[in-house]
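The structure under discussion appears below in the form of structure tokens.
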Amino acid sequence: SNMVQNIILVALKSEKDQTFNDSDPKLNEYLQHLWKKTVDADIPILTDNFAPVDYYINKTI
């Protein structure tokens, strides 16, 4: 399936550029997909109440 099933979010307070690397090539590939845009404040908070997270993620991708 091409649907997103898992997502990991990492938030950093620092504006310093971060480098994420791993010796596993597949994991390293995932680590290179960084969202660097501002997140709008009026976006609903993602929670697991009634499992809407997967629904919203797949609507946005």
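Residue 333 is where the sequence shown starts when you use this note's numbering, and the numbers rise one by one after that. Quick reminder that beta carbons are idealized off the backbone N, C-alpha and C, glycines included.
| Check | Outcome |
| --- | --- |
| Would you tell me roughly how many angstroms separate the C-alpha atoms of HIS365 and ASP374, rounded to the nearest one? | 24 Å |
| Would you grab the beta carbon distance between ILE339 and ILE377 for me? Rounded to a whole angstrom, and I think it's under 8 Å. | Not really, about 14 Å apart at Cβ, beyond 8 Å. |
| Cα separation between GLU347 and GLN337? | 29 Å |
| For LEU341 and PHE352, I'd like the C-alpha separation in whole angstroms. | 13 Å |
| Assuming LEU363 and ASP354 form a contact by the criterion Cβ under 8 Å, report the distance between their Cβ atoms to the nearest whole angstrom. | 6 Å |
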